[in-house]
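Everything on this sheet refers to the single structure shown next.
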Amino acid sequence: MTINKDGNRSETLRVQGIRKDFGKGASRKEVLGGITLSVADGEFVSIVGPSGSGKSTLFQVIGGLQKPSEGNIWINGEQTTGERGHISYMPQQSALLPWLTVTGNIELSLTISGVDRQEAKQKTKEWLERIGLDEYGNAFPHVLSGGMLQRVSFLRALLAPQRLMLLDEPFGALDALTRLHMQQWLMSIWEQNRRSVLLVTHSIEEALFLSDRIIVLSAAPAVVLDEFQVPFQRPRSEALWTDPRFNEMKQQIYELLKVGVRTGG
Amino acid sequence: MGNNTSFWSKAWPPLVTLAGVIACWQAAVTWGGIDQWMLPSPLSIVQEAIRIWPRLLMHMRATVQLTLFGFVGGSAVGFVLAALLHLIPGMRRAFYPLIVLSQSIPIIAIAPILTMFFGYGLLPKVMLVVMVCFFPVAIAMLSGLSNPDAQLRNYLQMIGIGKWQMFWRLELPHAIVHLFSGLKIAASYSVLSAIVAEWIGSNRGLGYFMILSFKGFMPDRVFAAVIIIVLFSLLLFAIVALAERLIIRWQPASDQHTK
Chain H
1 MTINKDGNRS ETLRVQGIRK DFGKGASRKE VLGGITLSVA DGEFVSIVGP
51 SGSGKSTLFQ VIGGLQKPSE GNIWINGEQT TGERGHISYM PQQSALLPWL
101 TVTGNIELSL TISGVDRQEA KQKTKEWLER IGLDEYGNAF PHVLSGGMLQ
151 RVSFLRALLA PQRLMLLDEP FGALDALTRL HMQQWLMSIW EQNRRSVLLV
201 THSIEEALFL SDRIIVLSAA PAVVLDEFQV PFQRPRSEAL WTDPRFNEMK
251 QQIYELLKVG VRTGG
Chain F
266 MGNNTSFWSK AWPPLVTLAG VIACWQAAVT WGGIDQWMLP SPLSIVQEAI
316 RIWPRLLMHM RATVQLTLFG FVGGSAVGFV LAALLHLIPG MRRAFYPLIV
366 LSQSIPIIAI APILTMFFGY GLLPKVMLVV MVCFFPVAIA MLSGLSNPDA
416 QLRNYLQMIG IGKWQMFWRL ELPHAIVHLF SGLKIAASYS VLSAIVAEWI
466 GSNRGLGYFM ILSFKGFMPD RVFAAVIIIV LFSLLLFAIV ALAERLIIRW
516 QPASDQHTK
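Going down the list, the sequences are from chains H and F. Sequential numbering of the first sequence, starting at 1, is according to this note's numbering. Sequential numbering of the second sequence, starting at 266, is according to this note's numbering.
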C-alpha cells in the first residue's frame with residue numbers, strides 16, 4: 001500500500017463530477033447526473049443501484065470508451081479522461097476468445113495490458129497451477145463450466161499490471177450456489193493479493209460480503225445516494241452471512257435503494 | 266472411432282441409392298433397347314475412359330491447373346479486397362454496392378472479350394475463374410469482419426486494444442468461419458467456370474475435350490469427361506472442408522453438426 005505525502009492512502013481512482021448525456025435536443029437523455037467517487041489504493045469498493053442506473057456507462061467512461069459530457073477521471077493521480085488502457089477489466093460474460101486456449105486468452109490480455117510476452121507466459125502458467133486449472137490450460141473455452149470461465153476471467157484481470165480492477169457484475173450470470181462459491185474464492189485470492197477494485201453488482205449481500213465500502217446509486221440520471229463503510233474484519237468467511245449486523249446493513253441499503261428508485265427518473 | 270461409425274451410418278444409404286441408379290442405367294441400355302449413341306452404358310463409359318486414359322489425363326491436368334490457379338487467385342483477391350474495404354474508412358460504403366452490382370454481369374458474356382484481348386493462353390481463362398471466385402469469398406469475409414461479438418469487442422476495448430490488434434485478434438479469426446463458407450462456394454464455382462472457359466476458347470482441358478467429343482458423336486467420351494469433372498469438383502470441396510476442420514478447432518462439436 002502506498003502512502004502519499006498527506007499521510008493518507010493514495011487514491012487509485014477519482015471520478016469527479018461525471019455527467020453523461022446521450023442524444024441531442026428533445027430526445028436527450030441524461031444517464032449519469034454528476035457522480036463523484038473514489039477508490040483508495042488497495043480498497044475494495046462496490047457500487048449497487050437499481051437496474052438501468054447507468055452503471056455500465058460509468059464503467060465505459062472510467063475505461064475511456066465513452067467521453068463524459070462533463071467531469072474528469074483520475075487514475076493513480078493522472079488525468080485519464082477518455083484514455084484507454086489504464087484499467088483491468090472483468091465483464092459479466094467471461095468474454096474469452098473462443099479460438100484461443102485458456103492459456104492463450106490470459107497471455108493475450110496480459111500482453112495487451114503491457115506485460116512482455118515471456119513474463120506473461122510464466123505468470124499464466126504459475127497462476128493456473130495455483131488456482132487448480134492447469135489441466136485446462138490447453139483447452140478451448142467452450143469445454144469449461146460457467147464458474148471456471150469466470151475464474152479464468154478474474155485471473156486475467158488480476159494478473160494485469162494495472163492497479164485498478166473493474167468488475168462488472170462478474171457473477172451475475174451464475175447460479176446461486178456457484179455464485180456463493182465464487183464470492184468466497186475471489187475474496188480469498190483478493191485478500192492475499194490486494195488491488196484496488198471497483199465492483200458493480202445487483203446483490204447487496206455480495207457487496208457487503210466483499211467490500212470495504214459500498215456506494216449506492218439512484219436510478220437514471222444516476223447520482224450517489226449514500227456511502228457505507230463496511231465494518232467487518234478481514235479475512236472474512238461465510239459466518240458473516242448470519243451476523244446480525246450484516247442483515248441490519250442489508251436492510252438499511254435496501255431501504256435506501258427503494259427510495260432511490262422512487263425519486264430517480 | 267465413434268466419428269467413423271456415424272460417417273458410415275450416414276454414408277451408406279445414398280451410396281446404395283447411387284449404385285441402384287447405375288445398375289438401372291446399365292440394365293436400361295443392355296436390355297431396354299436404348300441406343301448406345303444416345304445414352305452409353307456405364308460399363309462402356311468406363312471401358313472407353315480406360316482406353317483413352319492418357320489423353321484424358323492430359324486434359325485433366327490442364328483443367329486442374331486452370332481451376333487451382335483461378336481458385337487460389339480468386340480467393341486471394343477476395344480476401345485482400347475484403348480486408349482493404351474493411352480497414353480503410355469509407356471504402357466499404359464506396360465499393361460494396363458496386364461489387365454486388367458487378368455480379369449481375371453474366372460472366373460467359375465476358376469470356377469472348379477476354380479471349381479477344383488476351384488470346385487463347387492460360388491468362389484469360391484464369392482471369393475468368395478469378396472473376397467468378399473472388400465474389401463469394403469477399404462477401405462472406407466482409408460479413409464476418411463486420412459483426413464480431415459485441416461483448417468481446419467491448420472487453421478488448423476496455424483493456425486498451427489498438428485497431429490493428431483488434432483486426433488480427435478478433436475480427437479476422439471471427440471472419441474465418443465465414444471465410445470458409447465463401448471458399449466452399451468458390452471451390453464449386455471454380456470448376457464450373459474453368460469448364461466454361463475451356464468451351465469458349467481453348468485447345469485443351471476437359472471442357473475442350475467435351476466439345477470435341479460431342480461434335481465427333483462420341484457420347485461415351487462426353488460422359489467420361491463429365492464424371493471426371495464431377496469427381497474433381499467433389500474432391501476440391503472435400504479438401505476445403507477438411508482444411509476448415511483442421512483450422513477451426515475451437516467450435517463445439519455440436520455446432521459443426523448443425524451446420
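Heads up, the beta-carbon is just placed ideally off N, CA and C, and yes, glycines get one too. Note that the structure is predicted; figures quoted are calculated from it, not measured.
Checklist entry - For the alpha helix (DSSP H) that contains F:Ser-478, what are its first and last residues? => result Numbered from 1 along the second sequence, position 213 holds the residue referred to as residue 478 of chain F. Start and end: 471-480.
Checklist entry - If H:Arg-14 sits next to H:Ser-46, beta carbons under 8 Å apart, how far is it from one beta carbon to the other, in whole angstroms? => result In the first sequence, counting from the first residue as 1, residue 14 of chain H sits at position 14. In the first sequence, counting from the first residue as 1, residue 46 of chain H sits at position 46. Between H:Ser-46 and H:Arg-14 the Cβ distance is about 17 Å, and since that is not below 8 Å, they are no contact.
Checklist entry - Quick check: the segment 487-507 of chain F against the segment 314-321 of chain F, are there 3 or more CB pairs under 8 Å? => result Touching, yes.
Checklist entry - What whole-angstrom Cβ distance do H:Gly-85 and H:Pro-161 have, given they're in contact under 8 Å? => result Along the first sequence, one-based indexing puts residue 85 of chain H at 85. Along the first sequence, one-based indexing puts residue 161 of chain H at 161. Between H:Pro-161 and H:Gly-85 the Cβ distance is about 11 Å, and since that is not below 8 Å, they are no contact.
Item to check | Simplified DSSP state of H:Val-223, which is helix, strand or coil | outcome: Locating residue 223 of chain H in the first sequence gives position 223, counting from the first residue. Coil.
Next on the checklist: Residues in the same chain with beta-carbon distance under 8 Å from H:Asp-243, minus the five sequence neighbours each way, listed in chain order, please.
Outcome noted: One-based indexing of the first sequence puts residue 243 of chain H at position 243. Scanning its chain for C-beta atoms nearer than 8 Å, with the 5 sequence neighbours on each side dropped, one finds around H:Asp-243 the residues Phe-232, in chain order.
Next on the checklist: If you measure between the beta carbons of H:Ile-106 and H:Leu-155, is that distance less than 9 Å?
Outcome noted: Position 106 of the first sequence, counted from the first residue, corresponds to residue 106 of chain H. Position 155 of the first sequence, counted from the first residue, corresponds to residue 155 of chain H. Taking the C-beta atoms as reference points, H:Leu-155 is found nearer than 9 Å to H:Ile-106.
Next on the checklist: Can you pull the chain H neighbours of F:Trp-515, defined as C-beta to C-beta under 9 Å?
Outcome noted: Translated into positions along the second sequence, residue 515 of chain F becomes position 250. Going along chain H in sequence order, the residues near F:Trp-515 (Cβ under 9 Å) are Leu-97, Pro-98, Trp-99, Leu-100, Thr-101, Phe-140, Pro-141 and His-142.
Checklist entry - Hey, is H:Leu-65's beta-carbon within less than 9 Å of any beta-carbon in chain F? => result By one-based count along the first sequence, residue 65 of chain H stands at place 65. Yes, because at least one Cβ of chain F sits closer than 9 Å to the Cβ of H:Leu-65.
Checklist entry - Whose C-alpha, out of F:Leu-410, F:Gln-301, F:Arg-320 and F:Ile-424, is nearest the C-alpha of H:Glu-83? => result To locate residue 83 of chain H, count along the first sequence from 1; it is residue 83. The residue from F:Leu-410, F:Gln-301, F:Arg-320 and F:Ile-424 with its alpha-carbon nearest to that of H:Glu-83 is F:Ile-424.
Checklist entry - Can you name the start and end residues of the alpha helix (DSSP H) that F:Phe-541 belongs to? => result What the structure shows of chain F is the stretch from 266 to 524, and residue 541 of chain F is not part of that stretch, so it cannot be assessed.
Item to check | Cβ-based burial, H:Met-182 [other Cβ within 10 Å; buried from 16] | outcome: In the first sequence, counting from the first residue as 1, residue 182 of chain H sits at position 182. When all chains shown are included, H:Met-182 counts as buried.
Next on the checklist: Could you compute how far the alpha carbon of F:Ile-426 sits from the alpha carbon of F:Ile-441?
Outcome noted: As a working mapping, residue 426 of chain F is identified with position 161 in the second sequence. As a working mapping, residue 441 of chain F is identified with position 176 in the second sequence. About 20 Å.
Item to check | Short Cβ contact (9 Å threshold) for F:Gly-472 with F:Thr-380 | outcome: To locate residue 472 of chain F, count along the second sequence from 1; it is residue 207. To locate residue 380 of chain F, count along the second sequence from 1; it is residue 115. A distance of 9 Å or more separates the beta carbons of F:Gly-472 and F:Thr-380.
Next on the checklist: Quick check: the Cα distance between F:Gly-298 and F:Ser-478, rounded to an integer number of angstroms?
Outcome noted: Locating residue 298 of chain F in the second sequence gives position 33, where the first residue counts as 1. Locating residue 478 of chain F in the second sequence gives position 213, where the first residue counts as 1. Between the alpha carbons of F:Gly-298 and F:Ser-478 lies a gap of roughly 23 Å.
Next on the checklist: I need the straight-line Cα distance from H:Tyr-89 to H:Phe-228, nearest angstrom please.
Outcome noted: Indexing the first sequence from 1 puts residue 89 of chain H at position 89. Indexing the first sequence from 1 puts residue 228 of chain H at position 228. Just so you know, the alpha carbons of H:Tyr-89 and H:Phe-228 end up roughly 24 Å apart.
Checklist entry - Once you ignore the five residues that flank F:Ala-293 on each side, which residues in its own chain have a CB closer than 6 Å to its CB? => result Stepping through the second sequence from its first residue, residue 293 of chain F is reached at position 28. So the list reads Ile-299, once near-sequence residues are dropped.
Item to check | C-alpha distance - F:Ser-367 paired with F:Met-475, whole-angstrom precision | outcome: Within the second sequence, residue 367 of chain F is the residue found at index 102, counting from 1. Within the second sequence, residue 475 of chain F is the residue found at index 210, counting from 1. Using only the alpha carbons, I get a separation of about 30 Å.
Item to check | Of the listed residues H:Ala-26, H:Gln-93, H:Phe-44 and H:Pro-68, nearest to H:Ala-173 (C-alpha basis) | outcome: Here residue 173 of chain H refers to the residue found at position 173 when the first sequence is read from its first residue. If we check each option's Cα against that of H:Ala-173, H:Gln-93 comes out closest.
Checklist entry - If the cut is a Cβ gap below 8 Å, which residues of chain H does F:Leu-417 touch? => result Taking the second sequence and counting its residues from 1, the one referred to as residue 417 of chain F is at position 152. Per Cβ cutoff of 8 Å: Ala-95 and Leu-97.
Checklist entry - If we cut at 9 Å on Cβ distances, does F:Pro-279 have a partner in chain H? => result Position 14 of the second sequence, counting from 1, holds the residue named residue 279 of chain F. Taking 9 Å as the CB threshold, F:Pro-279 stays off the interface with chain H.
Next on the checklist: For H:Ser-109, which residues in the same chain have their Cβ closer than 7 Å to its Cβ, ignoring the five residues on either side in sequence?
Outcome noted: Here the question's residue 109 of chain H lines up with position 109 in the first sequence. Excluding residues within five positions, the ones whose Cβ falls inside 7 Å are Arg-156 and Ala-160.
Item to check | H:Arg-163: first and last residue of the uninterrupted alpha helix (DSSP H) it sits in | outcome: If you number the first sequence from 1, residue 163 of chain H lands on position 163. Run containing H:Arg-163: none; DSSP gives neither H nor E here.
Item to check | Those runs of the beta strand (DSSP E) which lie wholly inside the segment 118-180 of chain H and span at least 3 residues | outcome: Runs of the beta strand (DSSP E) inside the segment 118-180 of chain H: 164-168.
Item to check | Interface residues of the segment 81-93 of chain H facing chain F [CB-CB below 8 Å] | outcome: Interface annotation for the segment 81-93 of chain H against chain F: Arg-84, Gly-85, His-86, Ile-87, Ser-88, Tyr-89, Pro-91 and Gln-93, criterion Cβ-Cβ distance under 8 Å.
Checklist entry - What residues of chain F sit near H:Ile-112, judged by a beta carbon separation below 9 Å? => result The residue you call residue 112 of chain H lines up with position 112 of the first sequence. Below the 9 Å Cβ cutoff, chain F contributes Leu-421, Ile-424, Gly-425, Ile-426, Gly-427, Gln-430 and Arg-434 as neighbours of H:Ile-112, in chain order.
Next on the checklist: Do F:Leu-435 and F:Leu-350 count as a contact pair if the criterion is CB distance below 9 Å?
Outcome noted: Here the question's residue 350 of chain F lines up with position 85 in the second sequence. Here the question's residue 435 of chain F lines up with position 170 in the second sequence. Cβ atoms of F:Leu-350 and F:Leu-435: not closer than 9 Å.
Checklist entry - Whose Cβ in chain F lies nearer than 7 Å to the Cβ of H:Leu-108? => result The residue labelled residue 108 of chain H in the question sits at position 108 within the first sequence. Taking the beta carbon of H:Leu-108 as reference, the chain F residues within 7 Å of it are Arg-434, listed in sequence order.
Checklist entry - Thinking just about the alpha-carbon of each residue, which of H:Phe-44, H:Glu-119, H:Gly-49 and H:Asp-134 is nearest to the one in H:Thr-101? => result Against the first sequence, residue 101 of chain H aligns to sequence position 101. Here the closest residue by C-alpha is H:Asp-134.
Checklist entry - Using a beta-carbon distance below 9 Å, is H:Gln-60 in contact with chain F? => result By one-based count along the first sequence, residue 60 of chain H stands at place 60. So yes, H:Gln-60 belongs to the interface.
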